[in-house]
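Under this note's numbering, the first residue of the sequence shown carries the number 510, and numbering increases by one thereafter. Virtual Cβ for every residue (Gly too), placed ideally from N, Cα, C. Here is the structure we will look at, set down as structure tokens.
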Amino acid sequence: MINKLIKNLYESILFLPKSYRHKLYIGSSVLALTASTSIYVSLQTFKIDRFVEHLQMYRMRMPIPVHQDLNELLHQVVMDFGPNKLNSPLCIFNFIGNDMYSIGNISLPTGAFIGVPYNMNLNSINQLKVEDIRFLGRFKTKRTAESPIIQQLFRSLLYSTQAKRFALAHEFNLLSSSYFFVKTFNIAFNTLIILWFFPKLNKISNNSLPKLIGYKKTLLSLSFLMLVISTGILIDHALDHFYDIWSLKKTIRFNREYLNGAIEYYSKLIDRNKSIFELLGDKRSQFFTSDGRTKKLFGIYSLSYEKHLKICHQNLFIDD
């Protein structure tokens, strides 16, 4: 029965004029792309009591306690930046690639995790055994708890309440903005360009450049395709950077507590990247630099959080 319905629908579409079929195809493609992006976004949104389950999906194979303080901090952030959102269920966002959950654990670019209990303190670091320090999904590190690199790594994962609150507020402001809408629009727009102009380009090349042999026309089409895709990727990364800085500025302008939390957060984030750079061995140059920069866009450029710190210090000077 389903096959018959699909066949009837297909035959009905064939009877439509060519221009209508073309518009229907483009509209369906854009709609499917938007729907798939929306599903992806919704899958990254979890209630805080499901956070542990989400991590276990990535085979952490160890319990990560979700402390009640996270709920309280999130409630305070919502009261500060979005009291009208209290009417809807409180959710905490896990945006893959963001360092929001470095307050409790860390995901490496290799897909491995380092598990760090929420209630860890500096005294507990000195009591760690070698087998307690591990890169899950990779070979255990040979470093001991007394290693300066391990000490620096775990110190960079211990945040004060101010820094934790900033991390939540930064993510809250980012995801309550037009961030996902604009990124989805960018993907849909580039897809539309490919679907709409690619056939036209082939038609133009056939009419205006009839002497071009087949493989040259193919190269021309592929070059245009790569140009559109590359432009879309560059715009996507530019949007990430723009909204990251925008959310940072909005958060630290709220009060001095968020500003101080941001300074601590980014300072320790740089230290953390430096530590991981040393621990990743031969693979370190693929993901980080020795000064704490993060490699982006397949290593074409590196992101430095020094700019974030500079913005924080500028606001600190203004407040003073």
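Among the options, nearest to residue i - alpha-carbon criterion
i: Asn755; options: Arg664, Arg802, His746, Leu683; result: Sequence check: residue 755 is Trp here, not Asn. Of Arg664, Arg802, His746, Leu683, the residue nearest in Cα terms is Leu683.
i: Pro657; options: Leu812, Lys783, Ile702; result: Lys783
i: Phe826; options: Leu789, Leu731, Ile772, Ser794; result: Ile772
i: Gln660; options: Ser528, Asp791, Tyr774, Glu787; result: Glu787
i: His679; options: Phe590, Leu748, Trp705; result: Phe590
i: Ile703; options: Ser799, Ser811, Leu731; result: Leu731
i: Ile761; options: Phe797, His822, Phe706; result: His822
i: His584; options: Lys532, Lys673, Ser537; result: Lys673
i: Asn699; options: Ser686, Gln671, Ile742, Thr670; result: Ile742
i: Thr740; options: Leu533, Lys759, Ile696, Asp791; result: Ile696
i: Thr670; options: Tyr774, Phe690, Ile738, Val737; result: Tyr774
Residue j beta carbon less than 9 Å from that of residue i
i: Lys692; j: Asp753; result: no
i: Val587; j: Phe681; result: yes
i: Leu757; j: Tyr688; result: no
i: Phe706; j: Phe733; result: yes
Proximal residues to residue i (C-beta, below 7 Å), its chain only, five neighbours per side dropped
i: Met735; result: none
i: Ser811; result: Thr798, Arg802, Thr803, Lys804, Lys805
i: Ser528; result: none
i: Leu789; result: Phe796
Own chain, CB closer than 6 Å to residue i, minus 5 neighbours either side, in chain order
i: Gly801; result: Ile779, Asn782, Lys783
i: Ser813; result: Arg802
i: Leu662; result: Ser784
i: Lys759; result: Asn682
i: Ile847; result: The shown model of the chain, from 510 to 829, leaves out residue 847, and the question about it has no answer.
i: Glu640; result: Because Glu640 carries a pLDDT of 48, less than 50, the predicted location of this residue cannot be relied on, and no value is offered for it.
Close-in-space but distant-in-sequence residues of the same chain around residue i (CB under 8 Å, 5 per side omitted)
i: Phe763; result: Asp589, Phe590, Ala678
i: Ser799; result: Lys783, Phe786
i: Ser686; result: Tyr752, Trp755, Ser756
i: Arg793; result: Ile785, Phe786, Glu787
i: His750; result: Leu812
Chain C within 9 Å of residue i, Cβ atoms only
i: Ile820; result: Looking at the structure shown, chain C is missing, and only one protein chain is on hand.
| query | How about the region 758-772 and the region 799-807: do they share at least three Cβ pairs that are nearer than 8 Å? | reply | The region 758-772 is not in contact with the region 799-807.
| query | Hey, is the region 665-681 in contact with the region 725-741, meaning 3+ C-beta pairs nearer than 8 Å? | reply | No, because fewer than three Cβ pairs between the region 665-681 and the region 725-741 fall closer than 8 Å, the two stretches do not touch.
| said: Quick check on the DSSP output: what are the complete alpha helix (DSSP H) runs of length 4 or more inside the region 737-820, in order along the chain? | reply: The region 737-820 contains these whole alpha helix (DSSP H) runs: 765-788, 793-796.
| said: Taking contact to mean 3 or more Cβ pairs, one atom from each stretch, closer than 8 Å, check whether the region 814-827 and the region 769-785 are in contact. | reply: Note that the region 814-827 touches the region 769-785; at least 3 beta-carbon pairs, one per stretch, sit closer than 8 Å.
| said: What ranges does the alpha helix (DSSP H) occupy inside the region 651-701, keeping only unbroken runs of at least 4 residues that lie completely in it? | reply: Runs of the alpha helix (DSSP H) inside the region 651-701: 657-664, 670-684.
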